[in-house]
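Trainee: Residue numbers for the sequence shown follow the working numbering, so the first one is 89 and each next one is one higher.
For every residue, glycine included, the Cβ atom is placed at its ideal position computed from N, Cα and C.
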Amino acid sequence: AFHANGHQKQAEAAILISDKTNFKATAVKRHKEGYYVMVKGPVQQENITIINIYAPNTGAPKFIKQLLIDLRNETDGNTIIVGEFDTLLTALDSSSRQKVNKETKDLNYTLEQMDLTDIYRTFHQLTTKYTFFSSAHRIYSKINYMVSHKASLSTFKKNLSHTKYTLGPWCNKSTNQYQ
Numbered sequence: 089a090f091h092a093n094g095h096q097k098q099a100e101a102a103i104l105i106s107d108k109t110n111f112k113a114t115a116v117k118r119h120k121e122g123y124y125v126m127v128k129g130p131v132q133q134e135n136i137t138i139i140n141i142y143a144p145n146t147g148a149p150k151f152i153k154q155l156l157i158d159l160r161n162e163t164d165g166n167t168i169i170v171g172e173f174d175t176l177l178t179a180l181d182s183s184s185r186q187k188v189n190k191e192t193k194d195l196n197y198t199l200e201q202m203d204l205t206d207i208y209r210t211f212h213q214l215t216t217k218y219t220f221f222s223s224a225h226r227i228y229s230k231i232n233y234m235v236s237h238k239a240s241l242s243t244f245k246k247n248l249s250h251t252k253y254t255l256g257p258w259c260n261k262s263t264n265q266y267q
């Protein structure tokens with residue numbers, strides 16, 4: 089397990105890797121306030137980078153955009169970025185179909201410029217699965233994401249059945265419960 093937590097315990101990002109994976113970390117980088125952790129190392133003779141982001145409640149798109157820019161020299165075609173982005177990347181990611189704001193459009197532009205894509209949305213372009221329910225606003229939304237370099241999509245397509253578990257839990261709209 090690799091984790092980053094801040095002094096104020098405002099955020100904590102973690103990456104759990106099974107002992108059966110035979111993963112040996114060659115580098116670990118942590119955000120001083122706990123908003124991300126990055127781990128690099130070989131899996132099946134291939135070097136990978138995993139970044140887990142736990143975005144702050146306010147200013148999330150701007151934070152993630154700046155983080156991606158700061159880490160751009162640490163990422164490549166074998167990078168997977170997961171986490172709670174605390175923002176909607178598309179209107180499909182909310183049951184209210186609210187419009188995407190300017191900061192999120194800027195984040196999406198940065199993702200595009202870095203050749204990064206939302207893996208789930210790439211393979212399920214019209215599906216509406218949600219990972220969060222706001223009882224105050226009665227809105228379902230997807231704020232957890234898994235993005236990777238577009239060149240890696242063929243790898244995920246081969247292993248598509250695993251993304252269901254990686255991206256869960258899903259919020260069931262009929263019962264308001266996570267599954």
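What are the start and end residues of the alpha helix (DSSP H) that includes Leu204?
Mentor: From DSSP, Leu204 is part of no alpha helix (DSSP H) but of the beta strand (DSSP E) over 204 to 206.
Trainee: Does any C-beta atom of chain C lie closer than 7 Å to the C-beta of Gln154?
Mentor: Note that chain C does not occur in the displayed structure, where there is just one protein chain.
Trainee: What are the boundary residues of the beta strand (DSSP E) that Tyr233 is part of?
Mentor: Per DSSP, Tyr233 belongs to the beta strand (DSSP E) from 232 to 237.
Trainee: Run through DSSP, which three-state label would Ile103 get?
Mentor: The answer is strand: DSSP assigns Ile103 an E or B state.
Trainee: Where does Tyr123 sit, in a helix, a strand or coil, going by DSSP?
Mentor: Coil.
Trainee: Which residues share a DSSP beta bridge with Glu134?
Mentor: Val131.
Trainee: Go ahead and label Leu248 buried or exposed: buried means 16 or more other beta carbons lie within 10 angstroms of its beta carbon, across all protein chains shown.
Mentor: Bear in mind that the predicted position of Leu248 carries a pLDDT of just 48, short of 50, making it unreliable; the figure below should be weighed with that in mind. Looking at its Cβ environment, which holds fewer than 16 other Cβ atoms inside 10 Å, Leu248 is exposed.
Trainee: What residues are listed by DSSP as bridge partners for Thr167?
Mentor: The partner list for Thr167 (beta bridge, DSSP) reads Thr137.
Trainee: Could you check where the beta strand (DSSP E) with Lys117 kicks off and where it finishes?
Mentor: Here the beta strand (DSSP E) through Lys117 covers 115 to 118.
Trainee: Please state whether DSSP places Ser249 in a helix, a strand or coil.
Mentor: Confidence is the limiting factor: at Ser249 the pLDDT is only 47, short of 50, which leaves the residue's position unreliable and the question unanswerable from this model.
Trainee: Return the bridge partner residues of Phe90 from the DSSP annotation.
Mentor: For Phe90, which the question treats as bridged, DSSP gives the partners Ile103.
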